[in-house]
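Below: the structure, in structure tokens.
Residue numbers (the UniProt record's numbering): 1 to 156.
Structure, rendered in structure tokens:
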């Protein structure tokens with residue numbers, strides 16, 4: 001799944017993971033929040049990975065299912081954890097908003113036979129109103145922080 005998300009062969013990703021594990025072990029990198037000075041540089045990568053996870057669930061590249069809601073919900077869970085920790089980061093709220101707005105439509109994205117339904121043809125009464133509301137709230141939170149709009153805010 002990681003290889004498909006990054007559009008590279010599986011052996012390449014497997015090698016990268018092995019090398020990364022070795023590097024982290026050799027450097028004895030602690031599993032903790034980075035210092036504020038390093039946060040901005042590292043946060044963008046974390047947000048990108050969470051969004052890649054979400055997209056794998058939203059438009060599945062594995063198996064015969066068009067989507068995998070459990071994978072979407074896992075990405076949402078990770079986004080909420082990050083938002084609880086990084087309360088002053090607008091782009092974290094923006095990513096969460098984007099994922100919640102998309103996830104609100106999951107119940108309407110496929111018909112009873114499992115075929116995809118285009119956005120214009122979706123029955124909006126099937127959209128998850130709680131997720132829709134949460135998405136709009138998180139977008140408003142991002143805007144209230146008065147930080148430059150990043151890619152997730154613009155998409156949301």
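Idealized CB from N, CA, C, for every residue including glycine. Nothing here was measured: the structure is a model prediction, and the numbers come from that model.
Buried/exposed call for residue i, threshold 16 Cβ in 10 Å
i: residue 99; result: buried
i: residue 123; result: exposed
i: residue 6; result: exposed
i: residue 104; result: buried
i: residue 133; result: exposed
i: residue 57; result: buried
i: residue 115; result: exposed
i: residue 156; result: buried
i: residue 81; result: exposed
Close Cβ partners of residue i (< 8 angstroms) along its chain, the five nearest in sequence each way excluded
i: residue 51; result: 75, 95, 98, 99, 152
i: residue 85; result: 33
i: residue 1; result: 56, 61, 62
Beta-carbon proximity check, residue i vs residue j, cutoff 7 angstroms
i: residue 126; j: residue 107; result: yes
i: residue 101; j: residue 79; result: no
i: residue 4; j: residue 59; result: no
i: residue 42; j: residue 34; result: yes
i: residue 110; j: residue 66; result: yes
N-terminal and C-terminal residue of the alpha helix (DSSP H) that residue i is part of
i: residue 45; result: 36-58
i: residue 18; result: 10-27
Same chain, Cβ closer than 6 angstroms to residue i, five either side skipped, listed in chain order
i: residue 145; result: 90
i: residue 160; result: In this structure the chain extends from 1 to 156, so residue 160 is not present and cannot be described.
i: residue 139; result: 97, 156
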